[in-house]
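Read the structure below first, then the notes.
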Ligand SMILES: NC(=O)c1ccc[n+]([C@@H]2O[C@H](COP(=O)([O-])OP(=O)(O)OC[C@H]3O[C@@H](n4cnc5c(N)ncnc54)[C@H](O)[C@@H]3O)[C@@H](O)[C@H]2O)c1
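Residue numbers (my numbering): 2 to 354.
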């Protein structure tokens, strides 16, 4: 370990607390303190022995702080990030970095102008379910993959805090869409996105979307479905992956799931299934001697690698894992999702992304 990187967290709510607990287990970081505009949250930090700054200015003036982690509601990210970068601080911003691509460009430009690192906490790139799917795709475990479904389902509606207001940048596209779109775009970075069609849901909230479905078409015959639902009392699997020789399912965040692959393509005879009103061979389940079932691979990961990479990026030893091109690409896809849903139209990207 070369040195300790002095950091502060702005916004000490749910995610601010999460960042503090991760940094606490990293000898290469030093949390100098937090700032939250709510006195009760500053007190909550002090109760845990964490220093609480009285203002954002006090954080910006502290010469021991190199990096500021922003974990405030989405509509406040831009202003705090710009002030931090103007003060010469490096910035890790919570997702979504901004509410639209114009805001994001201002932030990216400010990073370049002040020669500081500006990156975003796309932590779900370290989720094991994602890493397993990525490996299955990259290694052709199931043969050539032609369809991927990525879903998160809950049944509590949209949370009742700032997330259900437009003013604060609420809605599930900005909240969860930003993760799921980022994952798919990174995994499929080897092929162009051709088009998408999206619909949003408003079951529990009228002001912002409480869920969505996106169908994406990539070059070389690969389709994806990304879905977030908050009124799903029965959850569908987190991932469903189809390759030419098999199918994989990852049920949940506990990595329950399996891969089923063909073992004998030649044995095509199927026992027909009779339903009350008909007969089918095409849709009959496979007999056990023609398929084999495998357990999912396990891929351990450590989210602290995200912060380690940011420190190395500050020291000029590595590129930031989450870069500006990727952030802008996800933001443009989110804007296309809103556009498609609003006008009920397919968005054709041609060569834009
Ligand atoms: N990456 C992830 O996995 C993940 C998970 C949850 C939330 N988030 C993101 O983290 C951010 C915060 O979400 P949360 O769930 O922690 O919200 P939260 O409401 O629990 O916490 C936000 C905190 O920011 C404070 N705050 C608001 N405006 C402020 C300002 N101008 N200056 C200082 N403090 C201010 C609030 O008082 C509150 O304590 C959001 O951008 C959200 O999208 C990311």
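Note that CB positions come from ideal geometry on N, CA and C, so glycine has one too.
Within 8 Å, strictly: CB atoms of residue i and residue j
i	j	result
residue 293	residue 262	yes
residue 253	residue 239	yes
residue 51	residue 32	yes
residue 35	residue 17	yes
residue 153	residue 210	no
residue 260	residue 297	yes
residue 44	residue 125	no
residue 142	residue 208	no
residue 249	residue 159	no
residue 315	residue 100	no
residue 348	residue 340	yes
residue 86	residue 119	yes
residue 323	residue 121	yes
Residue i burial status per 10 Å Cβ neighbour count (16 or more: buried)
i	result
residue 4	exposed
residue 116	exposed
residue 276	exposed
residue 325	buried
residue 327	buried
residue 140	exposed
residue 241	buried
residue 189	buried
residue 157	exposed
residue 206	buried
residue 37	buried
residue 49	exposed
residue 279	exposed
Distance, residue j Cα to residue i Cα
i	j	result
residue 233	residue 283	30 Å
residue 110	residue 104	10 Å
residue 287	residue 247	12 Å
residue 200	residue 123	24 Å
residue 71	residue 12	6 Å
residue 90	residue 135	34 Å
residue 82	residue 236	37 Å
residue 181	residue 320	23 Å
residue 264	residue 129	27 Å
residue 179	residue 186	11 Å
residue 46	residue 57	15 Å
residue 267	residue 290	11 Å
Residues near residue i in its chain [Cβ-Cβ closer than 8 Å; skip 5 each side]
i	result
residue 285	271, 272, 273 and 274
residue 127	302, 303, 304, 306 and 307
residue 177	153 and 229
residue 147	222, 223, 224, 243, 244 and 245
residue 281	273 and 274
Residue i in three-state terms, based on DSSP
i	result
residue 325	helix
residue 180	helix
residue 152	strand
residue 91	strand
residue 189	coil
residue 13	coil
residue 134	helix
residue 168	coil
residue 54	coil
residue 217	strand
residue 307	helix
residue 61	helix
residue 106	helix
residue 159	coil
residue 33	strand
residue 258	strand
residue 312	helix
residue 264	coil
residue 69	strand
Cβ shell of residue i (< 7 Å), same chain only, five flanking positions each side left out
i	result
residue 169	74, 75, 76 and 163
residue 312	6 and 29
residue 66	7, 8, 9, 33, 60 and 90
residue 350	194, 195 and 196
Residues of its chain near residue i, where Cβ-Cβ distance is below 6 Å and the 5 sequence neighbours each way are ignored
i	result
residue 193	220
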